[in-house]
Amino acid sequence: MEKNPPLISASLLAANFLKLGDETQAAIDGGADWIHVDVMDGVFVPNLSIGVPIVEQLRQAFRIPLDVHLMIVRPENHIAKFIEAGATYVTVHCENNPNTNRTLQDIRSLGAKAGLSLNPGTPVEMVEPLLPFADMLLVMTVNPGFGGQKFQPEMLKKIRRIRKMVDDQGLDVRIQVDGGMNEETVAQCAAAGADVFVAGTTIFRHAAGCAEAVTRLRRAAQTAA
Ligand code: DX5
Ligand code: ZN
């Protein structure tokens, strides 16, 4: 299978929420491929964030793919609303979720791309049987819930194992990484087999601005892949 070109997904969690439209436009103008929307319920993760109305308004204002990361319990109760609002990708977690197989199929049948995620403490065996039902596998490289955390280098081994599973099964599943991404960690993850890179702090709080940040991250991914 031919390699997919690396993509940069800008996580709005690190944006200035009072200027969300301008910040999103800056990321798009800066060359981001996708906008990453982190949805948290204060139960699956110890934090609350944003939800359906923001996705709806982003979709009305922008054409860029919206990459919606659901860090919530019972995601199956909410996927239809996010897809109707305009999500391009909907990613659900496999932890404590007996319905993941069904939920991934439902996401696809509702017209979106299905993402599946696993936390740093979750073994790859949890997702192996689900890979044929996913368009993207999200390897969390920090514990979900907060931006600005430090990348866990132990996750590189997990990325390599998932890359091998995907290739051995002949699947076209994107491998996304999320948490603590900077030029150095993007390069490490790209070399391990990841091809979609989520970055919040590095993009929205970069001293040289969004465009420079996205350019540098993409270059790091391309050079290392
Ligand atoms: C964490 C979120 C991430 C977060 C990454 O739970 O899933 O998308 O925004 O933030 P940075 O890039 O700052 O580590
Ligand atoms: Zn995320």
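Offset between the sequence shown (1-based) and this note's numbering: plus 2. Quick reminder that beta carbons are idealized off the backbone N, C-alpha and C, glycines included.
Check: Are the CB atoms of residue 162 and residue 195 within a distance shorter than 7 Å?; Outcome: yes
Check: Does the beta-carbon of residue 197, which I'm using as the reference point, lie nearer than 6 Å to any heavy atom of the ligand ZN?; Outcome: no
Check: I want to check one thing, is the minimum distance from the CB of residue 146 to the heavy atoms of the ligand GDP below 6 Å?; Outcome: This structure lacks the ligand GDP; the ligands present are the ligand DX5 and the ligand ZN.
Check: Regarding residue 57 and the ligand DX5, is the C-beta to nearest heavy atom distance less than 6 Å?; Outcome: no
Check: Have a look at 149, 27, 36, 197 and flag the residue whose alpha-carbon is nearest the alpha-carbon of residue 181.; Outcome: 149
Check: In chain order, what are the residues with a CB under 5 Å from some non-hydrogen atom of the ligand ZN?; Outcome: 40, 71, 180
Check: Give a yes or no on whether the C-beta atoms belonging to residue 118 and residue 129 are separated by under 7 Å.; Outcome: yes
Check: If you run the structure through DSSP and keep just helix, strand and coil, what is residue 1?; Outcome: A query on residue 1 cannot be resolved here, the shown segment of the chain reaching from 3 to 227 and no further.
Check: Which residue marks the beginning of the beta strand (DSSP E) containing residue 240, and which one marks its end?; Outcome: With the chain running from 3 to 227 in the structure shown, residue 240 is simply not present.
Check: State whether the region 216 to 223 contacts the region 182 to 193, with contact taken as three or more CB pairs (one from each stretch) at a distance under 8 Å.; Outcome: yes
Check: Using only the alpha-carbon positions, how far apart do residue 92 and residue 37 sit?; Outcome: 12 Å
Check: Okay, do the region 201 to 221 and the region 66 to 81 touch, 3+ Cβ pairs below 8 Å being the bar?; Outcome: no
Check: What does the alpha-carbon distance come out to for the pair residue 88 and residue 157?; Outcome: 31 Å
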